[in-house]
Every structure is written in structure tokens, then in C-alpha cells.
Amino acid sequence: MQREGDDEAWRSIVENFGERADLDDEPDSSSTASAEPPTGQDPYGWAVAPEPDEPAELAEPTPAYVEDEDTYVPPEPPPLPVPEPDRGIAWAGVVGAPLLLLVSLLFSIGLPSWVGYLMVAWFVGGFCYLVARMPKEPRDPWDDGSRV
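Going by the numbering used here, the first residue of the sequence shown is number 53, and it counts up by one from there.
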């Protein structure tokens, strides 16, 4: 699997690891002369702009966020769909009945036995109804669900 030169190449890499390369290039005198600060009392004076003698007129402060007049205003979203009454009752049984039973157990609320059986029946009936109302045929495999 290994080629013949791989061992020598790795050996030379390991032997030369950590050595620094020798650079013979001398920096140009013109580039270093322009980077040096001018001589004077303040060595960093060349980097700081001189302060004005008199303060400038105070302008009105600009707000941090300026609303453009030509901004995009999205259309109002359509209203939420209202499920059919039978389907809504089935979903309430599938979700609501276990939640009501759980709350009654957590807070030690005593329920008559017929209420417990009614909630269990509501859950099972709602689940069976929703499964029965599912589409029978498989959906199109090329349909990704997006609508334009």
C-alpha cells in the first residue's frame, strides 16, 4: 500500500519539524521610512488628528434606525384555517383527554370512574377517526409540498 518514497518523506518532515526558514530578503528602505512616525515631542502625534480650536455646531442627532419610505410591506397573512368540527373534536380527544387525565393525577383530583373511561374512549375514538380519515393513496413522490 505504501509507496517507496513515503517513508523517506515522512522521515525528512519529522527531522525538519520546528526549524525556521532562513530569509535573505532585506526590507526596502523606502517602505520603512514611510512607516516611521515623524520626529517631535509626541511620538504618536502623527496618528491622532489635531483637535479643532472651536467645537463645531451641534447638528440634530440622527436616529439609530431610519425607516426607508420605499420598504417592502408584506401582505397580511391569511387567517388560520378552522378545522372541521368532527376533526376538531377528534384532535381534542387525542390531545386533550390525556392532558386532562395527567393534570387530574398530578393534582390528586378525584374523578369518577365513568369520567376516566369516557376520556380513554374519547382518546381511542379520536385516534381511530383520524386514522380512518387519512388519505388512502400515497402522495406523489415528486411533490415536495411547496406551492407557488
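Backbone N, C-alpha and C define an ideal beta-carbon position, used for all residues, glycine too.
Remember, predicted model here, so these are calculated numbers, not experimental data.
Taking three-plus beta-carbon pairs below 8 Å as touching, is the segment 121-137 in contact with the segment 159-172? no
Q) Along the chain, where does the alpha helix (DSSP H) that runs through I65 open and close? A) D58 to E67
Closest by CA to A142, which one among A61, G178 and L154?
-> G178
Handout entry: Delimiting residues of the alpha helix (DSSP H) encompassing I141
Key = P137 to W143
- prompt: Are the beta-carbon atoms belonging to P171 and A144 less than 7 Å from one another?
  reply: Residue identity differs from the one stated: residue 171 is Met in this sequence, not Pro. Cβ distance not < 7 Å, so M171 and A144 don't count as in contact.
In angstroms with no decimal places, state the Cα-to-Cα distance between W174 and V146. 7 Å
* **Supposed close pair R139, R191 - CB separation, criterion 8 Å** => Between R191 and R139 the Cβ distance is about 19 Å, and since that is not below 8 Å, they are no contact.
ask   = In angstroms, rounded to a whole number, what distance separates the CA positions of V66 and E56?
value = 17 Å
From P137 to L182, what distance separates their C-alpha atoms? 13 Å
Nearest-angstrom Cα distance between D196 and Y169?
41 Å
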